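Everything on this sheet refers to the single structure shown next.
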Amino acid sequence: AGLALDLAAALSRSLEIGSKWHAQDGIQLDISLFRADTDDELAVASNIGGRSTYRNIGRTRRQGVELQYRQPLAEQLELQLAWTWLQAQVRSPYVTSNSVVAAGSRLPGVPRQQAFARLQWSPADWQWALEASASSDTVVNDLATERAPGYALLNLEAGRRWTLPGGELRAFARLDNVLDQAYIGSVIVNDGNGRFYEPGPGRRANVGLQWSWR
Numbered sequence: 031a032g033l034a035l036d037l038a039a040a041l042s043r044s045l046e047i048g049s050k051w052h053a054q055d056g057i058q059l060d061i062s063l064f065r066a067d068t069d070d071e072l073a074v075a076s077n078i079g080g081r082s083t084y085r086n087i088g089r090t091r092r093q094g095v096e097l098q099y100r101q102p103l104a105e106q107l108e109l110q111l112a113w114t115w116l117q118a119q120v121r122s123p124y125v126t127s128n129s130v131v132a133a134g135s136r137l138p139g140v141p142r143q144q145a146f147a148r149l150q151w152s153p154a155d156w157q158w159a160l161e162a163s164a165s166s167d168t169v170v171n172d173l174a175t176e177r178a179p180g181y182a183l184l185n186l187e188a189g190r191r192w193t194l195p196g197g198e199l200r201a202f203a204r205l206d207n208v209l210d211q212a213y214i215g216s217v218i219v220n221d222g223n224g225r226f227y228e229p230g231p232g233r234r235a236n237v238g239l240q241w242s243w244r
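If you're matching positions, the sequence shown starts at 31 in this note's numbering and goes up one per residue.
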């Protein structure tokens with residue numbers, strides 16, 4: 031390993047606008063639009079044996095929309111939704127070891143869409159929730175010849191809180207990936223041996239305690 035003295039600093043310019051709407055019946059809607067343009071983007075050139083090298087690839091753009099929605103469905107029952115659409119692409123062509131990556135190509139390692147939903151029931155001091163999360167496919171190399179497929183997961187959560195002198199104690203238990211779904215949890219961009227994919231965790235449980243001072 032050595033110093034990469036030929037790398038230039040990346041420079042980004044970003045813009046974000048948003049709006050929030052809160053109704054008297056408890057409905058909330060948040061929306062934001064964003065764009066970030068980068069010059070001399072730093073990107074992974076290769077991954078070999080766990081060692082990553084980087085390069086500047088010119089101009090890139092990330093733009094998209096984020097939505098968050100919350101609505102009471104009944105007494106003590108609430109629905110939460112979130113969605114992100116992200117377009118991450120190359121704006122100036124660059125050369126790999128044997129090909130040209132055209133302007134407009136997707137940046138690897140970035141899913142186009144992500145979504146989340148949570149249905150929560152909160153009777154008295156208890157809390158029960160069903161969650162769903164999803165991600166679209168992810169390109170894993172510069173030429174987009176390989177990609178990790180999208181996936182969807184289900185999670186369960188239960189909790190209880192106690193109000194005590196000086197604060198509040200909350201106990202919770204979670205079961206993530208309830209269906210024990212096999213999926214690609216992360217990717218290694220431009221892996222030199224073609225080992226791009228890292229599996230996500232299977233079904234797993236965790237419990238915990240949380241204390242909040244008052």
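Positions of the beta carbon are idealized from the N, C-alpha and C atoms, including for glycine.
Remember, predicted model here, so these are calculated numbers, not experimental data.
Residue-chain proximity (residue i, chain B), Cβ-Cβ < 9 Å
| i | result |
| --- | --- |
| ILE47 | Included in the structure is just one protein chain, with no chain B present. |
Reduced DSSP category for residue i - H, G, I as helix; E, B as strand; rest coil
| i | result |
| --- | --- |
| ILE218 | coil |
| PHE146 | strand |
| TYR227 | strand |
| ALA174 | coil |
| SER166 | coil |
| ASN128 | coil |
| ALA31 | Caution is warranted here: a pLDDT of 47 is assigned to ALA31, below 50, making its placement in the model unreliable, and no coordinate value can be reported. |
| VAL140 | coil |
| ASN207 | coil |
| TYR213 | coil |
| SER42 | strand |
| LEU116 | strand |
| SER152 | coil |
| ALA53 | coil |
| LEU37 | coil |
Sub-9 Å separation of residue i and residue j beta-carbons
| i | j | result |
| --- | --- | --- |
| ALA188 | PHE202 | yes |
| ARG142 | SER166 | yes |
| LEU111 | TYR99 | yes |
| PRO123 | ASP55 | no |
| ARG184 | GLN211 | The sequence given here places Leu at residue 184; Arg does not occur at that position. Going by C-beta atoms, LEU184 is nearer than 9 Å to GLN211. |
| GLN93 | LEU116 | yes |
Rounded separation between residue i and residue j - CA only
| i | j | result |
| --- | --- | --- |
| THR114 | ASN207 | 21 Å |
| GLY80 | ASP67 | 29 Å |
| ARG204 | SER152 | 16 Å |
| GLU176 | LYS50 | 39 Å |
| ARG91 | SER42 | 9 Å |
| ALA40 | ARG121 | 14 Å |
| ALA174 | ARG225 | 15 Å |
| GLY139 | THR168 | 6 Å |
| GLU21 | VAL237 | As shown, the chain starts at 31 and ends at 244. That puts residue 21 outside it, with no answer to give. |
| LEU37 | ASP69 | 12 Å |
| TRP156 | ARG244 | 20 Å |
| PRO179 | PRO229 | 12 Å |
| SER44 | VAL95 | 14 Å |
| SER76 | ASN171 | 9 Å |
| LEU97 | TYR84 | 33 Å |
Span of the beta strand (DSSP E), counted from its first residue to its last, around residue i
| i | result |
| --- | --- |
| GLU96 | 90-104 |
| LEU18 | In the structure displayed, the chain extends from 31 to 244; residue 18 sits before or after that span and is not available. |
| LEU194 | 181-194 |
| ILE61 | 58-69 |
| GLN240 | 234-243 |
| SER135 | First-last for SER135: undefined, no H or E at that position. |
| ARG81 | 81-86 |
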